[in-house]
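Colleague: There's a structure below that I have some questions on.
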Amino acid sequence: MITIIFKKNRYIKTPHEMERNLMTNYRKTDVLITSVILIASVLCYVKFYPQSVFSAEERQKFIPDPKKPLPFSETRMEFFEKAAVVSDAAPCAKIGRDVLKKNGSAVDASIGALICNSVVNMQSAGVGGGFFMTIFKNDEKKVYCLNAREKAPSNMMSDKFMNDGDPVNNSVMIALPGEIKGYLRAHQKFGKLRWEKLVQPTIDICEKGYTIGQHQHNSMILNKDIQWDENLREWFSDNKTQFKRPGKKVVPTKLCNFLKMLSKNGPEDFYTGELSKLVLEDIVNTNSTISAEDLRSYDAVWMEPINITLNNGDQFYSFPAPGSGPLVSFILNVLDGYNFTKESRLMEEENVLRIYHRIIETFKFAFAKRPELGDPNFVDVTEVTNELLSKDFAKLVRLKVKDKTSHDPAYYGLRSNSINYDQGTSHISVIAENGDAVSVTSTINKQFGAAKTGKRTGFVFNNAMADFSFEFLKNNFDLIGADINKPEPRKTPLSSMSPSILTDKHDNVKLVIGGIGGPKILTSIAQTIMRLRWLNNNLKEAVDTPKVHHQLDPMTLVYEYGLIDELVQKLKALGHTTYRKTDSAVYVLQRENDKIIGIHDSRKPGGGVYGI
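In this text, residue positions in the sequence shown follow the working numbering: the first is 115, and each later residue adds one.
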């Protein structure tokens, strides 16, 4: 019998941690053998080889899929009485909790945690990037969405932009940062504490210094261009010759000074005041096309959330286009109609296989529609959004899903290969004592963004222009661009980010959820909710269970280590080409029986959950 949950037994490392440790042991053996042959080569290999970063081909070759379901991770659920914050960066979650303890609002807590990202989590997010924020106000029983994502510069169509070097990592890929203007608009509408009280905790961390975590170290390896930036080289290299190892201390002094000015002068100063002059000088130094007028004219935008009602009366709210909330909603609508129950997870092999196959096929139909989404200020997305939220369309898709076979991309309705995705991303979920909630996902796109910092300000610039689709450019996920998401002046690129909130039929918060991992954000959120709402998993089971992903292009089923071999082989027999990789995570708070339950996803090392 195949089961689709882990057995409830003792806690050990997560499947991806086990896989990484097995690969590390393999490498140690490899190094030992090599040392007998060539000592000098071994010394170099041990010193510079990033043992925590391995190719999917290496993992697949040397570590076979398990024969039995693996145990859970060491990460435990935390229970709180009043309020909680979960984040992929533990110090930032702690700052958010402390803000709540000082009677700050849920939005205050999220802003405090977001600012912290700029320091301890700068490889993933920060003031040089942008965010999507979904807010639930309990007293109004209303949901708000704030779009503070980056925009293309007004003169981005210049010859310099189109022809200057490698577009992915070049300075011309820096988009207009929206993060700080988002702080301003959110704080003006829903903030309670003074601005400087939200910034000071991060200043304290910055000046004392913080230690490099495993994920930040891995990100250095994945974006080695950071070695060419003066600040990043100073902060993250030993003697400026090799990257520092996890546990080493970093004191980013220039960034600390910038945060002090931001605290004193306020967030608007970044766009129109004294700080804006420093920012513009830094922008000129990077050869970006962003102008002073671009900074002055930028604003974050309040948007209407998208919303569906599930069969049990739950209300699912998520971020509209240019976010991917409509796609998550579509997936949930389709899966809701299959009437999964807690008994579904213990069915016979054929039925469990059918469940996985239906989930995967639903993902394909979702990603076939994604190229039709874009910035609503440039593209009319009303029709496609309504279609994705429609119960009738979900029913039609269920009729098209065939339980015994997979199909070519055209069957799912893919009209163009046009999907670009963000990688360097952070998520924070908050529930406050008064019942308010915030789900916010922030990004600088790639790990360490453009691999450039401001010489004067010290913050990491995004490379969000790579989120647009270029006819000549394959993005970081090997996907080719098309017209709807093409770059245009002052346009926001389409994003995978889908910060979401689930309420019950009485409009009380049940779940606050979001994720990281580019396109896997959508599928990870959907699978987590599916397990919690329909398969009767607890929060740990829902987060830890190995996930599957299919984005239609490439035509490959991606699955995480921990999915048992028998199931993988049966999926292959249905026509799925498979590929094993783990690079996504979800961050969830659940309210249940007057308790708030939180857990951080150990797939990304360094996360944490704190509460009251």
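Heads up, the beta-carbon is just placed ideally off N, CA and C, and yes, glycines get one too.
Small disclaimer: the values here were computed from a predicted structure and weren't measured.
Comparing alpha-carbon positions, which option in 358, 264, 603 and 622 lies nearest residue 545?
Modeller: Here the closest residue by C-alpha is 622.
Colleague: Quick one: Cα of residue 548 to Cα of residue 214, how far?
Modeller: Whole-angstrom Cα-Cα distance: 11 Å.
Colleague: Output needed for residue 712: all residues of its chain with C-beta closer than 6 Å, excluding positions within five of it in sequence on either side, in chain order.
Modeller: Closer than 6 Å at the Cβ level, and outside the excluded window around residue 712, lie 192, 198, 200, 703 and 723.
Colleague: Give the secondary structure of residue 352 by DSSP, where H, G and I count as helix, E and B as strand, and everything else as coil.
Modeller: Three-state result, residue 352: strand.
Colleague: With a threshold of 16 other CB atoms inside 10 Å of the CB of residue 178, please say whether the residue is buried or exposed.
Modeller: Exposed.
Colleague: When you compare only the Cα positions, how much space is there between residue 691 and residue 518?
Modeller: Spanning the two alpha carbons is a distance of roughly 15 Å.
Colleague: Do you know how far the Cα of residue 606 is from the Cα of residue 264?
Modeller: Roughly 6 Å separates the two Cα atoms.
Colleague: Beta carbon of residue 203, beta carbon of residue 721: below 8 Å?
Modeller: Result yes, Cβ atoms of residue 203 and residue 721 sit closer than 8 Å.
Colleague: List the DSSP bridge partners of residue 405.
Modeller: Answer by DSSP bridge pairing: none, since residue 405 is not bridged.
Colleague: Just grab the DSSP bridge partners of residue 574 for me.
Modeller: Paired residue(s): 567.
Colleague: Leaving out five residues on either side along the sequence, give the residues of the same chain with a beta carbon under 7 Å from the beta carbon of residue 380.
Modeller: The residues are 309.
Colleague: Quick check on the DSSP output: the alpha helix (DSSP H) that includes residue 201 runs from which residue to which?
Modeller: That residue, residue 201, is in no alpha helix (DSSP H); its beta strand (DSSP E) goes 198 to 201.
Colleague: Curious, which full-length alpha helix (DSSP H) runs of at least 4 residues does the stretch 206 to 290 contain?
Modeller: You should have 220 to 234 and 273 to 277.
Colleague: Between residue 449 and chain D, is any beta-carbon pair separated by less than 8 Å?
Modeller: Reference to chain D is not applicable here, since this structure consists of a single protein chain.
Colleague: Starting from residue 714, trace the alpha helix (DSSP H) in both directions and tell me its first and last residue.
Modeller: First-last for residue 714: 709 to 714, but that is the beta strand (DSSP E), not the alpha helix (DSSP H).
Colleague: Have a look at residue 447 and residue 573 and give me their C-alpha separation to the nearest angstrom.
Modeller: Whole-angstrom Cα-Cα distance: 41 Å.
Colleague: Looking only at its own chain, which residues have a Cβ that is under 7 Å from the Cβ of residue 111, when we skip the five neighbours before and after it?
Modeller: Residue 111 falls outside the range modelled here, since the chain spans only 115 to 726, and no answer is possible.
Colleague: Have a look at the DSSP bridge pairing and note the partners of residue 363.
Modeller: According to DSSP, which records beta bridges pairwise, residue 363 is partnered with 325.
Colleague: Using only the heavy atoms of the ligand GDP, determine whether one of them is closer than 7 Å to the beta carbon of residue 209.
Modeller: In the structure shown, the ligand GDP is absent, as is every other ligand, since no ligand is present at all.
Colleague: Which residues bound the beta strand (DSSP E) around residue 628?
Modeller: Looking at the DSSP string, the run of the beta strand (DSSP E) that includes residue 628 is 623 to 630.
Colleague: Using a Cβ distance threshold of 8 Å, determine whether the stretch 611 to 629 contacts the stretch 391 to 403, with at least three qualifying pairs required.
Modeller: With the cut-off at 8 Å, the stretch 611 to 629 and the stretch 391 to 403 do not touch.
Colleague: Is residue 465 buried or exposed, if buried means 16 or more other CB atoms sit within 10 Å of its CB?
Modeller: Burial call: exposed.
Colleague: Determine whether the beta carbon atoms of residue 319 and residue 233 lie at a separation below 8 Å.
Modeller: Cβ atoms of residue 319 and residue 233: closer than 8 Å.
Colleague: Report yes or no: do three or more beta-carbon pairs, one from the stretch 595 to 604 and one from the stretch 484 to 492, lie closer than 8 Å?
Modeller: Yes, the stretch 595 to 604 touches the stretch 484 to 492.
Colleague: Which residue marks the beginning of the alpha helix (DSSP H) containing residue 727, and which one marks its end?
Modeller: Lying outside 115 to 726, the shown extent of the chain, residue 727 is not represented and no answer is given.
Colleague: Give a yes or no on contact between the stretch 621 to 637 and the stretch 561 to 580, applying the rule of three or more CB pairs nearer than 8 Å.
Modeller: Touching, no, given that fewer than three Cβ pairs across the two stretches are closer than 8 Å.
Colleague: Which whole-angstrom value is the C-beta distance of residue 243 and residue 710, which I expect to be below 8 Å?
Modeller: In fact, because the Cβ distance is near 28 Å, the residues do not count as touching under 8 Å.
Colleague: Suppose the cutoff is 7 Å on Cβ atoms and the five residues either side in sequence are ignored; what does the same chain contact list for residue 334 look like?
Modeller: The answer, listed in chain order, is 340, 350 and 357.
Colleague: According to DSSP, is residue 415 part of a helix, a strand, or is it coil?
Modeller: Strand, per DSSP.
Colleague: Using 8 Å as the threshold, is the C-beta distance between residue 568 and residue 383 below it?
Modeller: No, these two residues do not count as a Cβ contact at 8 Å.
Colleague: For a test of the three-state rule: what should DSSP assign to residue 145, helix, strand or coil?
Modeller: With a pLDDT of 40 at residue 145, under the threshold of 50, the predicted position of this residue should be treated as unreliable, and no value is reported.
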